[in-house]
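Structure first, commentary second.
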Amino acid sequence: MENLIALLIAAPLLGAVVLLCGGRRLDAVGHWIGTALAATSFVIGIVLFADMLGKNAEHRAISQYLFSWIPVGSFQADVSFQLDQLSMTFVLLITGVGSLIHLYSVGYMEHDERRRRFFGYLNLFLAAMLLLVLADNYLLLYVGWEGVGLASYLLIGFWQHKPSAATAAKKAFLVNRVGDMGLSIAIMVMFTTFGTFAFGPVFDSVGKTGEGKLTAIGLLLLLAACGKSAQVPLQSWLGDAMEGPTPVSALIHAATMVTAGVYLIVRSGAIFNAAPDAQLVVTVVGAVTLLFGAIVGCAKDDIKKALAGSTMSQIGYMVLAAGLGPIGYVFAIMHLVTHGFFKAGLFLGAGSVMHGMNDEVDMRKYGGLRTYMPVTFVTFGLGYLAIIGFPGLSGFFSKDKIIEAAFAKGGTEGWILGGAALLGAAITAFYMTRVMIMTFFGEKRWQPDTEGHEPHPHESPRSMTIPMIVLAFGSVFAGGLFSIGDSFVHWLEPVTGHSEGNSPVSALTVTLATMVLLVVGAGIAYAQYGRRPVPVVAPRGSLLTRAARRDLLQDDFNHVVLVRGGEHLTRSLVYVDHTLVDGVVNGTAASMGGLSGRLRKLQNGYARSYAVSMFGGAAILIAATLLMRAV
Amino acid sequence: MNPVNYLYLAALLFTIGATGVLIRRNAIVVFMCIELMLNACNLAFVAFSRMHGNLDGQIIAFFTMVVAAAEVVVGLAIIVSLFRSRHSASVDDASLMKL
Amino acid sequence: MSAQLAAYSTSTGEAFQFWVLGTVAVVGALCTVFMKKAVHSALCLAGTMIVLAVFYLANGAYFLGIVQIVVYTGAIMMLFLFVVMLVGVTAADSLKETIKGQRWLALVCGLGFGILLIAGIGNASIKDFNGLAKANANGNVEGLAALIFTKYVFAFEITGALLITAAVGAMVLTHRERTERAKTQRELSEQRVREGKHVPPLPAPGVYARHNAVDIAGLLPDGTPSELTVSKTLRERGQIRDVSTEALSDLKALEQRAEERLERTNSGEGSK
């Protein structure tokens, strides 16, 4: 069974190689090759999963050693994989949702002449992501980490003919570099501290290490997670990343890649458990981001950007949960999986809407689409109910648990974090209801585009609706399935550990409070957008709205602090360079030049002149000799 | 008379020769001045030989003569070919070292 | 002369010889430097060298003294004269300095160098002269030979190699490979006819009653000298003598003299 692990990665990698190197002759069948290989990986995942279920909880983790990658003295990097319950969860999510989105892309990218390349990139992404979650050491994880960064860059900028897409890809890449720097430094610190970076030995030696070092490693890992998972302060790239094709947004920027940060924190749980300060920072980052993303999501009129804000916010929940330690690890992953289902479904629904609306993304130009695309409406609606935490659906179980866990943290922190999570739930209800109403309810507001084509909303082809339906099933039932008898907790407990914590408020109270806030949030949204007609042109809005439209000024902040600061620093350095360094250099050169110009006159080309200097030199030598003798 | 006077004479002749090298432009005369300097050295060597009571100084002077002969042969050949190509025996005319 | 005396001083005869011949040598050296014509310089240098040869002999270097006369004065100086003739015997150098400050620098350096050198010798305070009586006991030439072929044999061999190299070098430098066959008289005359100039033989140099030399250009009908009449070598050296105005100035001088004489006779007649 162990030998199958490498095949998980090999299948999509083969697809990427074949599709990217195969050339035009594969144009006709490339998308099916890509989809088939993704599905192959999924089937292998299922087989491994079945095998794993058949074992005892203690013996479920298996590993595969492939080859020694960099054997240099004490620096031993192996290519070896580890498949435990945590990795298994991710494998199934990645390959499952990945296969569905491959299928969806077949329809969505039908008219794109570079579809083969698109599927090649998707397969490359799958391979890198699987490498990330299957690696049994941090260095190999880093390879996968960079691999998904590369795939993300390529896919965001897939429509590179659009300057906005190219810029967005660049931005995502650059912001991610900051986080990657954190991961690479964390690996270096680990190597100097522990002498290794394999998961097992590192976690085993955590107990023997000072807390300061662990906190440093934890914070560096958090920086990496912030970059990849779009958490404050490295969140600015995710909104722009929506320039990529919608399946990319669904797969990479909603369901899988952006959750890699959560995976990293949960995987490194042993380190974080021993570094409470780092954990606190993680929870703060999570809480801030969940509110930040939610507020941004409220103000965006671009459906994908609203969903991106929501993604940011939901990952904020997961990071918050992951920062809570053993109380929250399981729920972070559980929310990650359910979020993978419903957010992917929501994005696919958004893609379906755009597909029917001539790629219009402004929700103010939608309205009343429920009759035109019923399947999309139903699946999107189920996703909507799941994300706001409607009782019985996935989001209800997973998000409720996180809020409970936040309260269970105890003390003032628990109250603050729990309060933030509750508030986030209310805002989530508001912005998702807003998206729902503006898109599917109310009167038609669509307009002819610049070329005069009136959009003809229509239901998407089968290849697109089937994945949406499957994901809608996931959104509805996953949470309940995981929660029956705490099956998910028991499943992950051997890897991440679990503790109940002692919540100052009962689970029922939390649930009721959540319900109340949910109704309030949805009600406000209905009052604002359902009762009144939605203006086609966005009103000016309050200061907060305007700020939120500009992503709460994150780009402005980056511009002023980083870009301007960098510019000023550069300018002052250039000034110093021009005046001081160049002054010294040029001054030396000029004085040398002047001196040479004078000395040059001695070099008149007459042999007799040179002879005089020789003769004079000889005279001086005699004088020196005589002087030395005299002394 | 002290035989050291031979050394003073050699020094004087050497200096005259060197000054001649510096102020004359005709390559042949310059060359003759060099010969004068070599002869002054020879005189000094011979005087040294007498001073020390062995013949090594004379041997060195002998070798100097041989080398001087070789030098004259090559030097005059150079002057002749210079004269052939430049129609002048002035050392200043060969100031091609200057740009 | 006893050996004891030789150690500290020399005979009166040698002292006399030194002061007389030394003066001659210094004068010869100065003349070598300051004579305008290279030939004179060479002759003065030869004189100095002969004086030096005498000094060698006086210092007990009999072999070197003879070699100095035979090789240096006889062979090398003659080589110099030969080259001087080849390059142009009459080409007098102008002693005017062309490089600014060169003469002053040379004089300062020369003076400084000479004073320092002489001061150095004086400073060395050499007292005892061993004399060569013992070293020359078996004869000077034999003593030299014994040293050359034992102690200095490698230097001697290398000097031989140097001489051969120098001889070959001189030949390489002065030898000019003839790349084409020399033209015969017939071909030359045919070429002249083809080119249409100087069809007759080249004109002869000027022949005058008072001058008859190859370096005087013949005059053209208008009285200007024709360079064609002088040999190419002399032309290149710039050694053509222009006597075209001499005839007129001579005539003028003749007339003047005749007038003076006539006047004198006239005045003589008048006084009568």
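Chains as they are written, first to last, in UniProt numbering: chain D, 1 to 631; chain A, 1 to 99; chain H, 1 to 272. By construction, the Cβ of each residue, glycine as well, lies at the ideal position given by its N, Cα and C atoms.
Hey, how far is the Cα of residue i from the Cα of residue j?
i, j, result
"S236(D)", "L595(D)", "57 Å"
"S152(D)", "S164(D)", "15 Å"
"A299(D)", "L290(D)", "15 Å"
"G261(D)", "A425(D)", "22 Å"
"L22(A)", "V612(D)", "6 Å"
"T192(D)", "Y142(D)", "17 Å"
"L86(H)", "I28(A)", "11 Å"
"L174(D)", "G485(D)", "44 Å"
"A135(D)", "G530(D)", "49 Å"
"K399(D)", "V330(D)", "12 Å"
"H198(H)", "R192(H)", "6 Å"
"R445(D)", "M363(D)", "9 Å"
"L140(D)", "Q528(D)", "50 Å"
"L100(D)", "V361(D)", "23 Å"
"H456(D)", "G356(D)", "7 Å"
"S271(H)", "T265(H)", "Annotation note: pLDDT 49 at S271(H) (below 50); position unreliable, coordinate value reported separately. Near 10 Å, if we compare the C-alpha coordinates of T265(H) and S271(H)."
"E236(H)", "Q185(H)", "23 Å"
"V266(D)", "V510(D)", "24 Å"
"A406(D)", "P71(D)", "44 Å"
"E97(H)", "V71(H)", "34 Å"
Under 8 Å, do residue i and residue j count as touching if we go by C-beta distance?
i, j, result
"E243(D)", "A168(D)", "yes"
"G383(D)", "S475(D)", "yes"
"Y121(D)", "L154(D)", "yes"
"L131(D)", "G179(D)", "no"
"L264(D)", "A216(D)", "no"
"I469(D)", "T371(D)", "no"
"T95(D)", "G45(D)", "yes"
"G120(H)", "I620(D)", "no"
"V563(D)", "T439(D)", "no"
"L107(H)", "V39(H)", "no"
"R240(D)", "R116(D)", "The question names Arg, yet the displayed sequence has Asp at residue 240(D). Contact: no."
"V30(A)", "V80(A)", "no"
"L9(A)", "A25(H)", "yes"
"M49(H)", "N39(A)", "yes"
Any Cβ of chain A within less than 8 Å of the Cβ of residue i?
i, result
"R608(D)", "yes"
"K134(H)", "yes"
"I216(H)", "no"
So with Cβ pairs under 8 Å, would you call residue i a contact of chain D?
i, result
"A10(A)", "no"
"L22(A)", "yes"
"V91(A)", "yes"
"Q102(H)", "yes"
With a threshold of 16 other CB atoms inside 10 Å of the CB of residue i, please say whether the residue is buried or exposed.
i, result
"K401(D)", "buried"
"C44(H)", "buried"
"A3(H)", "Below a pLDDT of 50, predicted positions are generally treated as unreliable, and A3(H), at 46, falls in that range; the measurement from the model is reported next regardless. Result: exposed."
"Q85(D)", "buried"
"T15(A)", "buried"
"V133(D)", "buried"
"A6(H)", "Its pLDDT being 46, under 50, A6(H) is placed unreliably by the model, and the measurement read from it follows with that caveat. So A6(H) ends up on the buried side."
"T465(D)", "buried"
"H175(H)", "exposed"
"T570(D)", "exposed"
Using DSSP bridges, identify the partner residues of residue i.
i, result
"G83(D)", "Sequence check: residue 83(D) is Leu here, not Gly. DSSP output for L83(D) lists I62(D) as bridge partner(s)."
"P225(H)", "L219(H)"
With a threshold of 8 Å between beta-carbons, can residue i be considered close to chain H, or not?
i, result
"V612(D)", "yes"
"S81(A)", "yes"
"G583(D)", "no"
"G597(D)", "no"
"L602(D)", "no"
"R50(A)", "yes"
"L573(D)", "no"
Since residue i meets chain C, which of its residues come closer than 7 Å, beta carbon to beta carbon?
i, result
"A167(H)", "The structure shown contains no chain C; its protein chains are D, A and H."
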